[in-house]
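One structure is given here, and the rest of the page talks about it.
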Amino acid sequence: MTTGPITLTLNGTPRQLPPGTSPTMTLLDWLRGPAALAGTKEGCAEGDCGACTVVIEEPDGARVPVNSCLLLLGQAHGCCIRTVEGLRGPDGGAHPVQRVLAEADATQCGFCTPGIVMTGWAHAREGGNVHEALAGNLCRCTGYRPIVEAFASLGDDGAASPSPPAILANQLEAPGQVFHRPADLEALLALRAAHPEAWLLAGGTDLCLRVSEHRERPAEVICLSGVPELNGLEVRPDGLLVGAGASYRRLLAACEGDAAFAPLAGLLRRLGSRQIRGMGTLGGNLGTASPIGDALPPLVALGASLRLAGPEGMREMAVENFLTGYRTNALRPGEVILDVFIPRPSKAALFAAEKLSKRPDQDITMVGLSALIAFEDGRVFSARIALGGTGPHVARIIPAEVALAGQVWSREAVEAAAQALEAAIAPLSDWRGSADYRRIAAGNLLRRLWHRQGEAA
Ligand SMILES: Cc1cc2nc3c(=O)[nH]c(=O)nc-3n(C[C@H](O)[C@H](O)[C@H](O)COP(=O)(O)OP(=O)(O)OC[C@H]3O[C@@H](n4cnc5c(N)ncnc54)[C@H](O)[C@@H]3O)c2cc1C
Ligand code: FES
Ligand code: FES
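Read in order, the letters of the sequence shown correspond to residues 1054 to 1510 in the numbering used here.
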């Protein structure tokens, strides 16, 4: 392990942070404090409002908007970061993105505007749907119409990414803190064994709330982003092999290019925001094992499996067996999730991944239902139906699967399965929805499959 300073390229200029700078300070706190760049704003400090949006400039030219309130300096180590202060037009004045927003009257009090400018700058290069691009940026006073119109007319400035800093330490230290950045799986497992209490940090979109909201200062962190074995993503004839540390952004791009995974792409587009998907990972969703983790129902329905690496070697298990209870999983001491294999659904099967939430984007799931229904000779040959948000963990609903198996795919068969599903679950009430609402909504998500797909299957 090489110990050294936190190094990053900020607005095109390499920077070495003074010795002793805490690697778990958020990038936002550092920008607004020691770096004296107060253009980036703090609204919520929990990844929701987007006022803190900055952009990671990838070596391949990609621009990834991220929430700097959830990005630790140790994660930014080795990255090229651009903030609103780093945008300039060709004449040295306002950047075209800033001009377009100003001319469209797309700013009022201006608090959200630096974040919206940075999201717009990334969007101008990355493209895609404007509303989806803006899902992670809240504006409480302008009204979105002028912002949306401005975004629709943005053009890429064509600027290349700067070079990332050359020399990288893989151990960052501050008084009472060590931030490890292992460079391969072997080093990761050795660190995991030596520091069982250390935070295991992937994208940090769950874990870093403990820093940004609760102001925790962990003594030891092991960061996964530099471990190549966890960061692969392969599209194979039989499915997707996704490194536990590959971002949702990369997974979404793979699913968007593959018709078999279109329903998964549709779901991922609604997971958090572009900022959250730029950092968040499948490994983190599995590690948290939340009953409303959005990626979990489709993984269970598709029969995905994962590989765990640990002191005793490698083992493989089905995702449905990995989820053991409310926010608990089958990881043993010293183990990490290495990767997830998502089998390709057959063209003849019906694959659906539904999410019900109070608003379409950047919202927490009330009920999630994914299903894989295979047919043979006009009948349901097999059905896998996975639910989230209706029990302690995401799980298959076997009585509903049994009700469908062997039946002719019909409205009546789906109704019987929906009733079996409603009878099999015992959801809790909370402020997002009552137990009755959740039960009926879960059944209706299954009924909706019939209405959507009907006899086409
Ligand atoms: C504003 C906001 C919106 C969100 N919206 C959604 C949403 O719509 N749907 C949704 O499902 N989630 C959502 N989340 C939660 C979060 O983005 C996801 O759970 C994400 O998958 C977490 O991944 P991560 O890489 O950021 O995990 P981290 O925060 O880095 O880690 C989470 C947990 O997993 C463990 N872990 C991570 N990787 C591994 C590994 N390889 N092996 C073993 N353990 C590991 C960590 O130790 C930690 O305990 C949202 C979060 C925020 C802040
Ligand atoms: S401050 Fe609101 S998303 Fe970061
Ligand atoms: S302009 Fe005031 S919050 Fe957007």
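Even for Gly, the Cβ is constructed at its ideal location relative to N, Cα and C.
Being a predicted model, the structure only gives us computed values, none of them experimental.
List the DSSP bridge partners of residue i.
{"i": "Val1117", "result": "Ile1109"}
{"i": "Pro1067", "result": "Thr1062"}
{"i": "Cys1133", "result": "Thr1062"}
{"i": "Pro1396", "result": "Gly1292"}
{"i": "Asp1311", "result": "DSSP output for Asp1311 lists no bridge partner at all."}
{"i": "Leu1361", "result": "Arg1368 and Ile1390"}
{"i": "Ala1424", "result": "Ala1405 and Ile1438"}
{"i": "Arg1449", "result": "Ala1439"}
{"i": "Asn1182", "result": "The partner list for Asn1182 (beta bridge, DSSP) is empty, contrary to what the question assumes."}
{"i": "Ala1227", "result": "Gln1230"}
Apply the 10 Å Cβ neighbour rule to residue i and answer buried if 16 or more other Cβ atoms are within range, or exposed otherwise.
{"i": "Phe1301", "result": "Note on residue identity: the sequence assigns Tyr, not Phe, to residue 1301. When all chains shown are included, Tyr1301 counts as buried."}
{"i": "Gly1073", "result": "exposed"}
{"i": "Val1461", "result": "exposed"}
{"i": "Ala1312", "result": "exposed"}
{"i": "Ala1509", "result": "Any reading at Ala1509 must be qualified, since the residue scores a pLDDT of 49, below 50, and its modelled position is unreliable; the value itself is stated next. Per the 10 Å Cβ criterion, exposed."}
{"i": "Pro1271", "result": "buried"}
{"i": "Val1295", "result": "buried"}
{"i": "Val1455", "result": "exposed"}
{"i": "Met1367", "result": "exposed"}
{"i": "Cys1165", "result": "buried"}
{"i": "Arg1116", "result": "buried"}
{"i": "Gly1146", "result": "exposed"}
{"i": "Ala1213", "result": "exposed"}
{"i": "Ser1358", "result": "buried"}
{"i": "Cys1102", "result": "buried"}
{"i": "Trp1484", "result": "exposed"}
{"i": "Ala1448", "result": "buried"}
{"i": "Ala1205", "result": "exposed"}
{"i": "Ser1423", "result": "buried"}
Give every residue of the same chain whose Cβ lies closer than 6 Å to the Cβ of residue i, excluding the five residues on either side of it in the sequence, and list them in chain order.
{"i": "Ala1247", "result": "none"}
{"i": "Leu1339", "result": "Ile1390"}
{"i": "Leu1070", "result": "Pro1058 and Ile1059"}
{"i": "Leu996", "result": "In the structure as shown, the chain begins at 1054 and stops at 1510. Residue 996 is therefore absent and cannot be evaluated."}
{"i": "Leu1254", "result": "Leu1260, Val1274 and Cys1276"}
{"i": "Ala1471", "result": "Gly1496, Leu1499 and Arg1500"}
{"i": "Ala1222", "result": "Thr1055, Thr1056 and Gly1057"}
{"i": "Leu1283", "result": "Leu1277, Gly1296, Ala1297 and Gly1298"}
{"i": "Pro1067", "result": "Pro1218"}
{"i": "Glu1475", "result": "Arg1492 and Gly1496"}
{"i": "Ser1326", "result": "Ala1188, Gly1189 and Gln1415"}
{"i": "Pro1316", "result": "Phe1404, Ala1405 and Ala1406"}
{"i": "Ala1469", "result": "Ala1456"}
{"i": "Glu1511", "result": "Within the shown structure, residues of the chain are numbered from 1054 to 1510, placing residue 1511 beyond reach of any answer."}
Report yes if the CB atom of residue i is closer than 8 Å to the CB atom of residue j, and no otherwise.
{"i": "Ile1478", "j": "Ile1450", "result": "yes"}
{"i": "Leu1090", "j": "Ile1134", "result": "no"}
{"i": "Gln1506", "j": "Leu1384", "result": "no"}
{"i": "Ala1098", "j": "Glu1266", "result": "yes"}
{"i": "Leu1335", "j": "Leu1304", "result": "yes"}
{"i": "Gly1344", "j": "Pro1445", "result": "Sequence check: residue 1344 is Pro here, not Gly. Their beta carbons are under 8 Å apart, which means Pro1344 touches Pro1445 by this criterion."}
{"i": "Ala1129", "j": "Leu1061", "result": "yes"}
{"i": "Arg1437", "j": "Gly1331", "result": "no"}
{"i": "Gly1127", "j": "Leu1225", "result": "yes"}
{"i": "Gly1337", "j": "Gly1279", "result": "no"}
{"i": "Gly1065", "j": "Pro1215", "result": "yes"}
{"i": "Thr1172", "j": "Thr1195", "result": "no"}
{"i": "Ala1473", "j": "Ala1453", "result": "yes"}
{"i": "Ala1307", "j": "Leu1286", "result": "yes"}
{"i": "Trp1174", "j": "Val1108", "result": "yes"}
Give me, in chain order, the residues of the same chain whose beta-carbon lies closer than 8 Å to that of residue i; leave out the 5 immediate sequence neighbours on both sides.
{"i": "Gly1208", "result": "Pro1149 and Ala1177"}
{"i": "Ser1410", "result": "Arg1323, Asp1416, Ile1417, Thr1418 and Met1419"}
{"i": "Phe1428", "result": "Ala1401, Ala1402, Leu1403, Phe1434, Trp1462 and Ala1510"}
{"i": "Pro1290", "result": "Arg1397"}
{"i": "Gly1310", "result": "Val1288"}
{"i": "Gly1229", "result": "Arg1270 and Ala1272"}
{"i": "Gly1346", "result": "Asn1338, Leu1339, Gly1441 and Val1447"}
{"i": "Ala1494", "result": "Leu1409, Met1419, Val1420 and Gly1486"}
{"i": "Leu1242", "result": "Ala1362, Gly1363, Pro1364, Gly1387 and Val1389"}
Tell me which residues share the same chain as residue i and place their Cβ nearer than 7 Å to its Cβ, disregarding the 5 neighbours each side in the sequence.
{"i": "Leu1081", "result": "Thr1093, Glu1095, Cys1105, Ser1121 and Cys1122"}
{"i": "Gly1292", "result": "Phe1394, Ile1395, Pro1396 and Arg1397"}
{"i": "Glu1250", "result": "Glu1273"}
{"i": "Glu1202", "result": "Ala1157"}
{"i": "Ala1227", "result": "Gly1073, Thr1074, Ser1075 and Pro1076"}
{"i": "Ser1482", "result": "Ala1488"}
{"i": "Thr1381", "result": "Ala1342"}
query = Under a criterion of Cβ closer than 7 Å to any non-hydrogen atom of ligand 3, which residues qualify, in chain order?
reply = Qualifying residues come out as Thr1160, Gln1161, Cys1162, Gly1163, Phe1164, Cys1165, Thr1166, Cys1192, Arg1193, Cys1194 and Thr1195.
inquiry  = Please output, in chain order, the residues near ligand 2 using a CB cut-off of less than 6 Å to any non-hydrogen atom of the ligand.
reply    = With the cut-off at 6 Å, the residues found are Glu1095, Gly1096, Cys1097, Ala1098, Gly1100, Asp1101, Cys1102, Gly1103, Ala1104, Cys1105, Asn1120 and Cys1122.
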